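S.K.: Below is one structure. I have some questions about it.
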Amino acid sequence: MTRSRTLSPTATNSVTGYPAAAAAPRPRPTRISVERAGNRARFSVLDQGLYLAPRPVNGTADPLHLRVALIGIHMMLLGGDDVRIEVSVDPGVTLEVVEPAGMVAYDADLVPSRWSLDAELGEDAALIWDGASFVAAAGSNVRRQTRLQLASGARALVRETLVLGRSGEHGGRLRSITRAAGPGGDFLYEDLDLTGPRHRAVGILGDAKVVATATAVGWRPGALPEPAAGAAPDGAREPGRTRRFDLAAPGAVARSLSVQAHTADREAGAVFEAWRAELTS
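Residues in the sequence shown are numbered consecutively from 1, following UniProt numbering.
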């Protein structure tokens, strides 16, 4: 975990020599911890943060599988916002986190904002993260960071949809970093820099403005599902748009690019649901 450091009242600025202003305290994070008690799982920590409140959700018959929704309680993301989520899953327990509503990073005249997820998984634990669309509006400047630490036998499945700009506008600056590590080292370390004009470079997005991803680590998931029969033309899989990338360690990434959010999200969502069924079976 990152620790913030507050300057003492007598600290001085090394450049000006004048007393330095004390660093502003970081906003309260949202914390979720689950533990095993006999043959059942239970929440040991459900701490509401400044921006998000965790709310338990019904819907699973497995006593070792818990679900929780993240409910927004504060307007976000504005310039200077720092949304932090900390998750801990004890050995043998499955935690499913649902984002019921999308998030928009608003025009902030490029003042930076942050969104971060830090998750630690015990042995044979599992984390399912069902993320909603994240929109970087024109004028936003966002750094997203997802860090997963997996013990032996742990598995994780993460869904993420990044949208550059609202309808009819260019996107803001967005940098998304994903790092998943296990006992033997990194499963995945990706730094997706979508700031400035480079996101249109060959091999990044081209003419697309939506990146939808399903990421599985800790096991090798099955093949990508076929498109539903009789799908409408705008819902059909775009040729050459959806790809699967197998990791060197057990895991895979399925990614869909599109000019329309609903198309890419539907593609990645079908993969996510298929891999979710594998993980929970």
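Beta carbons: idealized from backbone N, C-alpha and C, even for Gly. The model shown is predicted, which means the values in this text are computed figures rather than measured ones.
Using 8 Å as the Cβ pair cut-off and three pairs as the minimum, do the region 73–84 and the region 263–270 touch?
M.R.: no
S.K.: How far does the alpha helix (DSSP H) with residue 62 in it extend, from its first residue to its last?
M.R.: Careful: residue 62 lies outside any alpha helix (DSSP H) and carries neither H nor E.
S.K.: Could you give the DSSP three-state label for residue 265: helix, strand or coil?
M.R.: In the three-state reduction of the DSSP assignment, residue 265 falls in the helix class, which pools H, G and I.
S.K.: Can you look up residue 144 in the DSSP assignment and give me helix, strand or coil?
M.R.: strand
S.K.: Return the first residue and the last residue of the beta strand (DSSP E) that residue 98 is part of.
M.R.: 94–98
S.K.: When DSSP labels each residue in this structure, what does residue 154 get in the three-state scheme?
M.R.: In the three-state scheme derived from DSSP, where H, G and I count as helix and E and B as strand, residue 154 is classed as coil.
S.K.: Buried or exposed for residue 248, please, with buried defined as at least 16 other CB atoms from any protein chain shown within 10 angstroms of its CB.
M.R.: exposed
S.K.: For residue 88, which residues from the same chain have a beta carbon less than 7 Å from its beta carbon, with the 5 sequence-adjacent residues on both sides left out?
M.R.: 33, 120
S.K.: Between the alpha carbons of residue 125 and residue 65, how many angstroms are there, rounded?
M.R.: Spanning the two alpha carbons is a distance of roughly 10 Å.
S.K.: Beta-carbon separation of residue 180 and residue 217 under 9 Å?
M.R.: In contact: residue 180 and residue 217 (Cβ atoms closer than 9 Å).
S.K.: Quick check on residue 239: buried or exposed, where buried means 16 or more other Cβ atoms within 10 Å of its Cβ?
M.R.: Its pLDDT being 42, under 50, residue 239 is placed unreliably by the model, and the measurement read from it follows with that caveat. It is exposed - the Cβ of residue 239 has fewer than 16 other Cβ atoms within 10 Å.
S.K.: Spatial neighbours of residue 43 within its chain, please: CB distance less than 6 Å, with the 5 preceding and 5 following residues excluded, ordered by chain position.
M.R.: 34
S.K.: What number of angstroms, rounded off, separates the C-alpha of residue 134 from the C-alpha of residue 52?
M.R.: 15 Å
S.K.: Please classify residue 171 as buried or exposed, where buried requires at least 16 other C-beta atoms within 10 Å of its C-beta.
M.R.: buried
S.K.: Write down the C-beta distance between residue 210 and residue 254 rounded to the nearest angstrom, noting that I regard them as a contact closer than 8 Å.
M.R.: Going by Cβ atoms, the distance from residue 210 to residue 254 rounds to 14 Å, so no, they are not a contact pair.
S.K.: Rounded to a whole number of angstroms, what is the C-alpha to C-alpha distance between residue 219 and residue 85?
M.R.: 24 Å
S.K.: I need the straight-line Cα distance from residue 112 to residue 75, nearest angstrom please.
M.R.: 16 Å
S.K.: Identify which residue in 115, 173, 168, 71 has its Cα closest to the Cα of residue 259.
M.R.: 168
S.K.: When you compare only the Cα positions, how much space is there between residue 280 and residue 109?
M.R.: C-alpha separation (whole angstroms): 43 Å.
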